[in-house]
Amino acid sequence: MSISKEEVEHIALLARLELSETEKELFARQLGQILEHAGKIEELDTKDVEPTAHALPVVNVFRQDKVGKELDVEEALANAPDREDDSFGVPKI
Amino acid sequence: MDLYKLNIEQASAKLRAKEITSVELTKSILDRIEKIDGQVKAFLFVDKEGALAQAKEADKRLATEKDGPILLGVPVAVKDNICTHGVPTTCASKILNGFVPPYDATVITALKGEGAVVIGKTNLDEFAMGSSTENSEKQVTGNPWDLKRVPGGSSGGSAASVAADEAIGAIGSDTGGSIRQPASFCGVVGLKPTYGLVSRYGLVAFASSLDQIGPLTKSVTDAAIMLQAICGHDTSDSTSLDYQPPNYLDSLKNGIKGLKFGIPKELFGEGCQDEIRDSIQDTIKLIESLGGEVAETSLPTFEYALPAYYIIAPAEASSNLSRFDGVRYGHRAKDAAGMIDSYKKTRAEGFGSEVKRRIMLGTYALSAGYYDAYYGQAQKVRTLIIKEFADAFEKFDLLISPTTPTTAFEIGAKTDDPLQMYLSDVCTIPSNLAGIPAISIPVGLSRGLPVGLQIMGKHFDESTMLSAARALEKEVDFKITPELAG
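In the order they appear, the protein sequences are chains Z and C.
Position one of the first sequence corresponds to residue 397 (this note's numbering), numbered consecutively onward.
Position one of the second sequence corresponds to residue 68 (this note's numbering), numbered consecutively onward.
(1) If contacts are defined as beta-carbon pairs under 8 Å, then C:A199 and C:V217 qualify, I think. What distance do you get, rounded to the angstrom?
(2) Which parts of the stretch 71-129 of chain C are runs of the alpha helix (DSSP H), unbroken and 4 residues or longer, counting only runs that do not cross its ends?
(3) To the nearest angstrom, how far is it from the Cα of C:A372 to the Cα of C:V448?
(4) Quick check for students: name the residue ranges of the beta strand (DSSP E) that lie wholly in the stretch 438-521 of chain C, counting only runs of 3 or more.
(5) Taking three-plus beta-carbon pairs below 8 Å as touching, is the stretch 330-350 of chain C in contact with the stretch 405-424 of chain C?
(6) Does any residue of chain Z have a CB that is nearer than 7 Å to the CB of C:R449?
(7) Does C:Q446 come within less than 7 Å of chain Z when only Cβ atoms are used?
(8) Helix or strand or just coil, what does DSSP make of Z:K465?
(9) State the DSSP-derived secondary structure class of C:L183, mapped to helix, strand or coil.
(10) Along chain C, which residues have their Cβ under 8 Å away from the Cβ of Z:E446?
(11) Is there at least one Cβ from chain C nearer than 7 Å to Z:F458's Cβ?
(12) Measure from the alpha carbon of C:S275 to the alpha carbon of each residue in C:G243, C:C298, C:Q248 and C:V185, then state which is nearest.
(13) Relative to the C-alpha of C:V394, which candidate in Z:I489, Z:D481, Z:L422 and Z:A476 has its C-alpha closest?
(14) Return helix, strand or coil for Z:T418, following the three-state DSSP convention.
(15) For C:M523, which option in C:V255, C:R247 and C:A272 has the closest C-alpha, if you only look at C-alpha atoms?
(16) Under 9 Å between beta-carbons, which chain Z residues line up against C:L500? List them in chain order, please.
(17) For C:P313, return the contacting residues in chain Z, with the cut-off set at a CB-CB distance below 9 Å.
(18) Am I right that C:G281 and C:I238 are in contact with their C-beta atoms under 8 Å? What's the rounded C-beta distance?
(19) DSSP puts C:I149 in a beta bridge; with which residues?
(20) Might you give, ordered along the chain, the residues of its own chain that have their beta carbon closer than 7 Å to the beta carbon of C:Y431, omitting 5 neighbours on each side?
(21) Quick test of the definition: if touching needs 3 or more C-beta pairs under 8 Å, does the stretch 161-177 of chain C touch the stretch 257-272 of chain C?
(22) Determine, using beta carbons only, whether C:A122 and C:S89 come nearer to each other than 7 Å.
(23) Listing by chain order, which chain C residues have their CB less than 8 Å from the CB of Z:R412?
(24) Just checking, does the stretch 223-240 of chain C make contact with the stretch 130-150 of chain C on the three C-beta pairs under 8 Å criterion?
(25) Flag this pair as yes or no: are the beta carbons of C:Y310 and C:Q295 separated by less than 7 Å?
(26) Looking at the strands, I want to know which residues DSSP matches up with C:L258.
(27) Within 7 Å of any Cβ in chain Z, is that where the Cβ of C:F112 sits?
(28) Are the C-beta of C:T88 and some C-beta of chain Z separated by less than 7 Å?
(29) In this structure, how does DSSP classify C:G419 when only helix, strand and coil are distinguished?
(30) Since I believe C:F252 is in contact with C:G299 (beta carbons under 8 Å), could you give me their beta-carbon distance rounded to a whole number of angstroms?
(31) Use the C-beta contact count for Z:V457: other C-beta atoms within 10 angstroms, 16 or more gives buried, fewer gives exposed.
(32) For C:A159, which of C:T208, C:L178 and C:I137 has the nearest alpha-carbon?
(33) How is C:K161 classed by DSSP in three states: helix, strand or coil?
(34) Could you give the C-beta distance for C:P504 and C:E529, rounded to a whole number, given that I count them as a contact under 8 Å?
(35) Taking the Cβ atom as the reference point for each residue, do C:L119 and C:S95 lie within a distance shorter than 7 Å?
(36) I'd like to know whether the C-beta of C:A403 is nearer than 7 Å to at least one C-beta of chain Z.
Written as structure tokens, this is what we have:
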């Protein structure tokens with residue numbers, strides 16, 4: 397199985413990744429190989445099988461709607477590549 | 068005596084008996100790292116000052132507390148995908164260059180609360196994606212038994228640091244075998260707890276439904292000690308379960324007699340080295356001689372575990388890693404033409420090859436038109452694997468297999484072929500998909516390289532798994548003795 401260069405470019409855009417021409421060729425080949433191996437799961441009959449998202453059933457974990465001890469603004473901004481006053485600075489949208 | 072050679076149990080006894088101080092022990096470890104880590108390259112960051120300050124505090128507590136925690140004053144290493152307040156956390160990725168977490172992961176809070184001394188951060192495959200630690204963007208770690216070979220991965224730095232006596236114990240994370248596989252390659256003990264037993268808060272997420280933090284140690288007893296310290300319910304992680312853990316140290320005395328062991332024949336399949344098979348056969352005889360019952364069994368869906376994993380894990384990763392966008396922390400590309408371009412360039416510059424490959428794979432598997440065939444089907448396979456485990460555990464108390472199909476391979480041997488690399492996790496992946504606990508213990512050497520036995524248990528039955536592991540460890544009497552020129 398192989399993936400076309402156009403498909404690779406489409407996926408890369410969805411994933412917000414800029415790829416070089418070499419990477420596009422490499423991933424087209426390697427993703428094809430990996431997906432071919434992964435495609436083995438299609439052999440299994442799963443008609444009446446429910447999907448599992450989590451191995452153990454944990455549902456609806458609630459907490460009180462109370463403010464706890466959270467990061468203050470300076471702590472939250474300490475790692476920011478760019479800031480403006482109390483906000484993260486970003487390039488023009 | 069060389070204090071760095073001690074294990075947790077021994078070090079703790081000496082600290083409590085006032086034979087040694089935590090500062091002495093910590094200095095011994097720091098000297099050892101200074102001397103040999105240039106060769107092993109297990110550490111990405113050694114927090115000398117912080118460690119000595121923590122050791123001084125521990126000594127104060129040791130002077131006043133009569134029955135302090137077992138880990139009080141004991142130096143431990145931490146995989147560098149676990150957040151440490153004020154200490155760089157890089158995930159061995161360029162995208163987190165310069166990132167200093169403003170908080171501790173819950174496991175770090177727990178370890179520090181016990182008085183353990185956090186000495187530094189260990190190398191890993193970038194974002195824990197890999198089986199050899201070669202995917203680190205920082206450095207290549209050597210296997211202390213043969214520096215030309217890989218330590219396994221992704222917790223390769225943690226495993227190597229323990230095997231090379233550069234840490235008394237360590238913690239790592241395991242998504243598809245990332246604690247057990249390197250433990251096996253480096254001849255140490257590695258334990259992946261039941262999903263939900265240990266909080267993941269502060270662990271940089273790779274595949275959230277599979278990730279668990281666990282210990283890498285010099286003995287089974289040490290693994291029980293560390294597990295006890297880090298387990299328990301945490302409201303900051305909504306997948307952590309509200310469960311009262313038993314006393315794991317007490318369960319170590321229970322032995323093997325009367326326990327029923329199943330051997331899934333699918334995990335001894337093609338690709339398994341003859342020497343590994345022989346070594347595991349010897350261990351099976353040992354189990355029988357100790358009064359355990361062993362029988363072969365079949366879990367046919369295991370064949371589909373690896374392919375299902377390589378859909379589910381990258382799918383979750385592609386979603387989790389979207390947070391690395393150069394906005395709030397880490398690397399940001401310069402001279403981008405607007406926001407979208409900034410994301411694309413930042414991620415292109417910041418992520419290494421394997422991480423990009425998995426993000427691409429995961430995005431593909433989740434994209435319109437392919438979701439049902441790949442992700443949906445993989446989740447159904449997961450259901451079947453869980454059911455097979457449940458059926459097997461009706462008949463058996465524990466399941467055993469080799470931890471890895473081969474011993475440690477040479478650096479560079481599999482870097483060009485991702486699929487071959489993925490195959491080294493074939494025995495460890497099923498337990499992550501099912502969320503059950505599993506441990507790897509060293510059971511012998513093959514051509515000078517350690518062989519690991521994997522023992523898998525029922526959900527939350529770490530106790531039975533640990534008692535069997537401890538009984539076998541006593542008989543096997545494996546010595547961690549890699550020869551490293553200092």
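Beta carbons: idealized from backbone N, C-alpha and C, even for Gly.
These numbers come from a predicted model, not from an experiment.
The structure says:
(1) Here residue 199 of chain C corresponds to residue number 132 of the second sequence, with the count starting at 1. Here residue 217 of chain C corresponds to residue number 150 of the second sequence, with the count starting at 1. What sits at residue 199 of chain C in the sequence shown is Ser, not Ala. Right, their Cβ atoms sit about 4 Å apart.
(2) Segments of the alpha helix (DSSP H) lying fully in the stretch 71-129 of chain C: 75-83 and 89-107.
(3) Counted from its first residue, the second sequence places residue 372 of chain C at position 305. Counted from its first residue, the second sequence places residue 448 of chain C at position 381. C:A372 and C:V448 have their C-alpha atoms spaced approximately 7 Å apart.
(4) Those beta strand (DSSP E) runs which fall completely within the stretch 438-521 of chain C and span 3+ residues are 465-469 and 505-513.
(5) These segments do not touch.
(6) Working through the second sequence from its first residue, we reach residue 449 of chain C at position 382. It does; some Cβ of chain Z falls within 7 Å.
(7) As a first step, residue 446 of chain C must be located in the second sequence, where it is residue number 379. Interface flag for C:Q446 against chain Z is set, since a Cβ pair is found closer than 7 Å.
(8) Numbered from 1 along the first sequence, position 69 holds the residue referred to as residue 465 of chain Z. Secondary structure at Z:K465: coil, using DSSP grouped into helix, strand and coil.
(9) For the purposes of this step, residue 183 of chain C is taken as the residue at position 116 of the second sequence. The question names Leu, but residue 183 of chain C in the sequence shown is Ala. Coil, per DSSP.
(10) As a working note, residue 446 of chain Z is residue 50 in the first sequence. Chain C residues near Z:E446: K447 and T450.
(11) Your numbering for residue 458 of chain Z matches position 62 in the first sequence. The Cβ of Z:F458 sits no closer than 7 Å to any Cβ of chain C.
(12) Here residue 275 of chain C is taken as the residue at index 208 of the second sequence, counted from 1. Closest by alpha carbon: C:G243.
(13) Within the second sequence, residue 394 of chain C is the residue found at index 327, counting from 1. If we check each option's Cα against that of C:V394, Z:A476 comes out closest.
(14) The sequence position of residue 418 of chain Z within the first sequence is 22, counting from 1. In this structure, Z:T418 counts as helix in the three-state DSSP scheme.
(15) What you label residue 523 of chain C is simply residue 456 of the second sequence in a count that begins at 1. It is C:R247 whose Cα lies nearest to the Cα of C:M523.
(16) Within the second sequence, residue 500 of chain C is the residue found at index 433, counting from 1. Contact of C:L500 with chain Z by beta-carbon distance below 9 Å involves T448 and A451.
(17) In the second sequence, residue 313 of chain C corresponds to position 246, counting from 1. Simply none; closest approach about 18 Å.
(18) Taking the first residue of the second sequence as position 1, residue 281 of chain C is located at position 214. Taking the first residue of the second sequence as position 1, residue 238 of chain C is located at position 171. That pair is a contact at about 7 Å.
(19) Residue mapping note: residue 149 of chain C aligns to position 82 of the second sequence, counting from 1. DSSP lists C:L270 as partners of C:I149.
(20) By 1-based counting over the second sequence, the position of residue 431 of chain C is 364. Taken in chain order, the residues that qualify are Y437.
(21) Yes, the stretch 161-177 of chain C touches the stretch 257-272 of chain C.
(22) Along the second sequence, read from residue 1 onward, the residue named residue 122 of chain C stands at position 55. Along the second sequence, read from residue 1 onward, the residue named residue 89 of chain C stands at position 22. Taking 7 Å as the cut-off, the Cβ atoms of C:A122 and C:S89 count as close.
(23) As a position in the first sequence, residue 412 of chain Z is number 16, starting the count at 1. The contacting residues are S389, D392, I407, Y410, K411 and R414.
(24) With a cut-off of 8 Å, the stretch 130-150 of chain C and the stretch 223-240 of chain C count as touching, because enough Cβ pairs lie within range.
(25) Looking up residue 310 of chain C in the second sequence gives position 243. Looking up residue 295 of chain C in the second sequence gives position 228. The answer is no: Cβ separation not under 7 Å.
(26) Taking the first residue of the second sequence as position 1, residue 258 of chain C is located at position 191. According to DSSP, which records beta bridges pairwise, C:L258 is partnered with C:I506.
(27) Taking the second sequence and counting its residues from 1, one reaches residue 112 of chain C at position 45. Judged by the 7 Å Cβ criterion, C:F112 is not in contact with chain Z.
(28) Translated into positions along the second sequence, residue 88 of chain C becomes position 21. Taking Cβ atoms only, chain Z never reaches closer than 7 Å to C:T88, which makes this a no.
(29) Working through the second sequence from its first residue, we reach residue 419 of chain C at position 352. Looking at C:G419 - three-state DSSP - the assignment turns out to be coil, as it is neither helix nor strand.
(30) Within the second sequence, residue 299 of chain C is the residue found at index 232, counting from 1. Within the second sequence, residue 252 of chain C is the residue found at index 185, counting from 1. In fact, because the Cβ distance is near 30 Å, the residues do not count as touching under 8 Å.
(31) As a first step, residue 457 of chain Z must be located in the first sequence, where it is residue number 61. Label assigned to Z:V457: exposed.
(32) Taking the first residue of the second sequence as position 1, residue 159 of chain C is located at position 92. Residue C:T208 holds the alpha-carbon nearest to the alpha-carbon of C:A159 among C:T208, C:L178 and C:I137.
(33) Numbered from its first residue, the second sequence carries residue 161 of chain C at position 94. Of the three classes helix, strand and coil, the one that applies to C:K161 here is helix, per DSSP.
(34) As a working mapping, residue 504 of chain C is identified with position 437 in the second sequence. As a working mapping, residue 529 of chain C is identified with position 462 in the second sequence. Confirmed, about 5 Å.
(35) The residue you call residue 119 of chain C lines up with position 52 of the second sequence. The residue you call residue 95 of chain C lines up with position 28 of the second sequence. No, these two residues do not count as a Cβ contact at 7 Å.
(36) Looking up residue 403 of chain C in the second sequence gives position 336. Yes - at least one Cβ of chain Z is within 7 Å of the one on C:A403.
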